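Protein sequence lines, in the order shown, are assigned to chains A and B.
The first sequence lines up with residues 919 to 1507 when you count with our numbering.
The second sequence lines up with residues 3 to 72 when you count with our numbering.
Even for Gly, the Cβ is constructed at its ideal location relative to N, Cα and C.
Bear in mind that the values here come from a model prediction, so they are computed numbers and not experimental data.
Only one structure is covered here, and it is reproduced in the block below.
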Amino acid sequence: MKILGVSAHYHDAAAALVVDGLPVAAVQEERLSRRKNDAAFPMGAIEWCLDQAGLRPEDLDAVVFYERPMLKFDRILTSALRAFPHSRRAFAHAMKNTLGEKAWVRGLITAQLGVRRDKILFTEHHQSHAAAAFLTAPTRRAAILTTDGVGEWATTTVGRGERPADGPTRIILDREVRFPHSLGMFYSTFTAYLGFAINEGEYKVMGLAAYGRPSMVDQVRKVLRRTPDGAFALDLDYFEFHTSVTRSFSRRFVDLFGPPRLAHEPIDLETAEGRRFADIAASAQQVLEEVLVDLTRRLKRETGLPDLCLGGGVALNGVANTRILAESGFERLFVPSAPGDAGSALGAALYADRIHFGNPDRDIPDHPFWGPELDEADLARLAGEDGLPLQILDEPALIDLSVEDLAHGRVVGWMDGALEFGPRALGHRSILTAPHDLAMRDRLNRDIKYREEFRPFAPVVPIEAADRFFVLPPGGARLARFMSGVFPVRAEWRERLAAVTHVDGTARVQVLERDMAPRLHDLLLAYGRRSGVPVLLNTSFNLAGEPIVNRVVEGYSTFRRSGIDVLVAGRSRIVKRAVAQAAPREEVA
Amino acid sequence: MIRHRGRFHRQMIVLGSMAGSTLELVQGLWRHGSGRRWLIPLAVFLCLTGAILVLAVSVEALAPFVYAIF
C-alpha cells in the first residue's frame, strides 16, 4: 500500500510517504520552502515525496492527515465559549483563523492533490504522536507517553503499544489529560514570559535553566498542581493562552514571578534580574521533570514493560528525558528523531498502514535520514561560478583533510547523504568544529549562529568511545542516538571538551553508531587518532532564523554568508579563499 | 507529478466539501450528548460563515459585498 501522511497548519508542516509498510520519504516543508517552522499546507514536501517514489497522487491508496480538524474546531469553539466574554477577541480571531482553511482539510487535500474523498483519512493528534514514537522504535511492546501543547482535546496521553510478529499491531491510549491543562502550554507560557518565541524558544528556556537555581519551585507548583489521580492541572487564573491570542500569562502570573522579560532585553547573568530569569527557568524545568517522572513511574507500575516510547513536542526536552530514564524504572527510552508535529506526518501514515488497514508489521530502519539526497554536482557549478577551487577527493583523503581542518580550528560545514527528518542535525547537515575550547563556542555564537551565549553546543561521539567521555547510564546511548538526552561530561574531560560542556557540566550528546552515518563516524575516529579525543562539536547547519540547509546551494550560501571556513558536500570540498591563503593556524587539537 | 489546479477550481472543491465536514462536526457534537447539543446551531452557523469567507476568497468580485456583511 502507498500511504501519504500529512501534518500542517500549526507548526512544522511535513509530509511522509510509506510504501508497503516502510517509509520511503519524509521531509519538513520548511526545508524546501526555506521559511522556518513553515506551517502552510506542505505542497512542496508532498510533491517531493511523490517524486521520490515516482508516484502520482492517484496512485496513492490513502492520504492521512495527522489530526481531526473538526474535533479541533469543536475544542476551539467550546473553549472560547467557556471563557466568554473574556475570550471575545480570541474567539473572533480563532474563528477567522480556523474557518478560512484549517477546518476544511478534506476539501483542501482533494483540491490540491485530486485524490478521491474516500481515500482521505484522519488520525487523532496523539495517536499520530504515539505511532511516530512506537512504530519507529526497535521494540515489540512498550509503554507510550505523548505530551505536547494541544492536539484536538488531549494534551497528554498514556498507553501501550504491541506489534507481535504473528498478530495485529495495537496502540491503546488508556487515559488522557485534556486542554487547557497542558504541560506543553505550561512550558510555552514560561518561554513567552522569559521573552522567547513560543514553539521556538523552548530550547532556550532549557539552556537557561542550567544557569539558575530552582528557588521558585513552590511558586511554579502553584500554577501547575498535581491531581489525586496522578495527573496534573494548571491553575487557569495564572494563564491567558486559552482566552487571548496575544498573551499566555495573566496579571496574577506576573504578580507571582515578577515582571516578564522583554524580548529585546539581553539576559545578563551577572545581574540580579538575569539570575531571576535563570532561576525561574530552572524552577519551571524542575517542576516539569517532576510531573513527567511521576507520570512515567505510574505508567511503569501499570504496564510492567521495560520500554517506554515518548512522543509529542515535550519529548524534545532532553534534560527531562534523562531524568525519566534515571528515575522512572524503564530500562530503555525511545524518542524518535521528530517527536513533534512534523514527525506526526510519518506517525499518521504508519498508524493508517498498521492499524486502520491492518497490514503486517515491519521493522522501520533506525535512522532519521528520510529527506532529499545531496547533489554534489551543484557544488562544482557554484564554486566554478565564484572561482573557488573545488577538490573532489576519495574517502580517505577527504577524511584526512577534514581532520586537519578541524585540528587547526577551522569550522567545517558538513553535508552528506539524505537530509535529517526532525529538528536536529544528526550528521548529514551539520557544522562541525573541534570541541576543546570556549573560544570556539564564542566564535560560533558570534560569527555563525548569532545566538545567545548561554545556549550550549552539542557534541557527537562514536558509540565505542562514548563511555570514556560521558556518564551514560544503562539505556543512555539509545536515548542519545537522536540527541534526545543530556548527560554529564566526565569531570576529567570537561576542560578538553569546554566548547560542548554546559555550565552544569552536562552535554546533549549524540552517540553515533557507524551504521547510521559511516562517513561522520570515520571522521570522528580519525579525529580521535589525531587529537586523542574522538569528539566533535556538532551544531545544525543553518544561520539564526533560517531552517537547516537542505540542498548544496543552501549550504553554499550559508558558507559564503558566515564564518564557516570549509564546506564539504559528499566527496567535494571547498575552502574560503582567505582561509586557503592564510598562514597555517595554530593547532587546537 | 501533481496536476495543479487554478485557485478558483481549488476553492470550489473546498466549498463543495464543506457540507460533509460540517455534518461530521454535527455528528461529533450530537454524540457527546445533551450537554453539547446546544452548540450545534452555532457550529452550523459558523461553518456557513466559513463557506461565505471561502466564497469571497474564490470570487474576488464578490469579496467587497461579502466583507461588507461583516
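If we define contact as Cβ-Cβ less than 8 Å, is residue i a contact residue for chain A?
| i | result |
| --- | --- |
| E26 of chain B | yes |
| G37 of chain B | no |
| L41 of chain B | yes |
| R33 of chain B | no |
| L57 of chain B | no |
| A70 of chain B | no |
Could you name the residues of chain B that residue i contacts, counting a contact when the two beta carbons are closer than 7 Å?
| i | result |
| --- | --- |
| P975 of chain A | I4 |
| W1022 of chain A | V16, S19, M20 and S23 |
| A932 of chain A | Result: empty, since nearest Cβ-Cβ is about 17 Å, beyond 7 Å. |
| L935 of chain A | Per Cβ cutoff of 7 Å: no residues; L935 of chain A is ~13 Å from chain B at best. |
Do we get a CB-CB distance below 8 Å when we pair residue i with the residues of chain B?
| i | result |
| --- | --- |
| M988 of chain A | yes |
| F991 of chain A | yes |
| A1127 of chain A | no |
| A1029 of chain A | yes |
| G1247 of chain A | no |
| L968 of chain A | yes |
| G923 of chain A | no |
| M1134 of chain A | no |
| L1026 of chain A | yes |
| G1032 of chain A | yes |
| M1013 of chain A | yes |
At the level of alpha carbons, what is the spacing between residue i and residue j?
| i | j | result |
| --- | --- | --- |
| A1190 of chain A | G1119 of chain A | 22 Å |
| D1360 of chain A | M1134 of chain A | 30 Å |
| F864 of chain A | G1331 of chain A | For chain A, the structure presents residues 919 to 1507; residue 864 of chain A sits outside this window and is missing. |
| S1166 of chain A | E1070 of chain A | 19 Å |
| D1312 of chain A | L1461 of chain A | 29 Å |
| I994 of chain A | R1193 of chain A | 37 Å |
| D1532 of chain A | R1081 of chain A | Not covered by the structure: residue 1532 of chain A. The range shown for chain A is 919 to 1507. |
| F1287 of chain A | S1255 of chain A | 9 Å |
| R1219 of chain A | E1464 of chain A | 43 Å |
| S1046 of chain A | V1389 of chain A | 33 Å |
| A1315 of chain A | E976 of chain A | 47 Å |
| T1351 of chain A | R1386 of chain A | 20 Å |
| S951 of chain A | K1140 of chain A | 42 Å |
| S1106 of chain A | P1278 of chain A | 39 Å |
| H1346 of chain A | R1035 of chain A | 38 Å |
For residue i, which residues in chain A fall below 9 Å Cβ to Cβ?
| i | result |
| --- | --- |
| G8 of chain B | Ordered by position in chain A, no residue passes the 9 Å Cβ test against G8 of chain B, which lies about 10 Å from the chain. |
Which stretch, first to last residue, makes up the alpha helix (DSSP H) that contains residue i?
| i | result |
| --- | --- |
| D1092 of chain A | Note, D1092 of chain A: premise wrong, no alpha helix (DSSP H); beta strand (DSSP E) at R1088 to R1096. |
| G30 of chain B | R9 to R33 |
| S1262 of chain A | D1259 to Y1269 |
| D1212 of chain A | A1190 to T1221 |
| L1316 of chain A | E1313 to A1325 |
| T1419 of chain A | Taken as a continuous stretch (DSSP letters only), T1419 of chain A belongs to no alpha helix (DSSP H), as it is neither H nor E. |
| V1329 of chain A | Segment: none, V1329 of chain A is in no alpha helix (DSSP H) and carries neither H nor E. |
| L1243 of chain A | G1236 to E1245 |
| L57 of chain B | I42 to S60 |
| S1475 of chain A | V1470 to R1479 |
The beta strand (DSSP E) with residue i in it runs from where to where?
| i | result |
| --- | --- |
| R895 of chain A | Any property of residue 895 of chain A remains undetermined from this structure, which presents chain A solely from 919 to 1507. |
| S1512 of chain A | No answer is possible for residue 1512 of chain A: it lies beyond the span of chain A, which begins at 919 and ends at 1507. |
| M3 of chain B | Taken as a continuous stretch (DSSP letters only), M3 of chain B belongs to no beta strand (DSSP E), as it is neither H nor E. |
| S1458 of chain A | L1454 to S1458 |
| V885 of chain A | No answer is possible for residue 885 of chain A: it lies beyond the span of chain A, which begins at 919 and ends at 1507. |
| G1077 of chain A | A1072 to E1080 |
| V1486 of chain A | V1484 to A1487 |
If the cut is a Cβ gap below 8 Å, which residues of chain A does residue i touch?
| i | result |
| --- | --- |
| A65 of chain B | In chain order: nothing, as chain A lies at least about 13 Å away. |
For a contact meaning CB atoms closer than 9 Å, what does residue i contact in chain B?
| i | result |
| --- | --- |
| E965 of chain A | M3 and I4 |
| P1017 of chain A | Looking at the sequence itself, residue 1017 of chain A is Leu, so the reference to Pro does not match. Under the 9 Å cutoff, chain B gives L48, C49, T51, G52, A53, L55 and V56. |
List the residues of chain B that residue i touches, going by C-beta distances under 8 Å, in chain order.
| i | result |
| --- | --- |
| T996 of chain A | R38 and L41 |
Is the segment 1100-1108 of chain A close to the segment 1225-1243 of chain A, with three or more CB pairs under 8 Å? Taking a cut-off of 8 Å for Cβ pairs, the segment 1100-1108 of chain A and the segment 1225-1243 of chain A touch, as three or more such pairs fall below it.
For the pair the segment 937-948 of chain A and the segment 985-996 of chain A, tell me if three or more CB-CB distances fall below 8 Å. No, because fewer than three Cβ pairs between the segment 937-948 of chain A and the segment 985-996 of chain A fall closer than 8 Å, the two stretches do not touch.
Can at least three beta-carbon pairs, one atom from the segment 1438-1457 of chain A and one from the segment 1370-1389 of chain A, be found at a separation below 8 Å? Segments in contact, yes.
With a cut-off of 8 Å, do at least 3 Cβ pairs link the segment 1245-1252 of chain A to the segment 1028-1044 of chain A? Put simply, the segment 1245-1252 of chain A does not touch the segment 1028-1044 of chain A. Fewer than three CB pairs are less than 8 Å apart.
Is the segment 1471-1490 of chain A in contact with the segment 1323-1341 of chain A, if contact means three or more CB pairs nearer than 8 Å? In this structure the segment 1471-1490 of chain A lies against the segment 1323-1341 of chain A, because at least three pairs of beta carbons, one per stretch, are closer than 8 Å.
Does the structure place the segment 1202-1211 of chain A close enough to the segment 1142-1156 of chain A that three or more beta carbon pairs sit under 8 Å? Contact between the segment 1142-1156 of chain A and the segment 1202-1211 of chain A is present, because at least three Cβ pairs lie under 8 Å.
Count Cβ pairs between the segment 971-980 of chain A and the segment 1035-1045 of chain A that sit closer than 8 Å; are there 3 or more? The segment 971-980 of chain A vs the segment 1035-1045 of chain A: in contact.
Can you find at least 3 beta carbon pairs, one from the segment 1254-1273 of chain A and one from the segment 929-939 of chain A, that sit closer than 8 Å? The segment 1254-1273 of chain A is in contact with the segment 929-939 of chain A.
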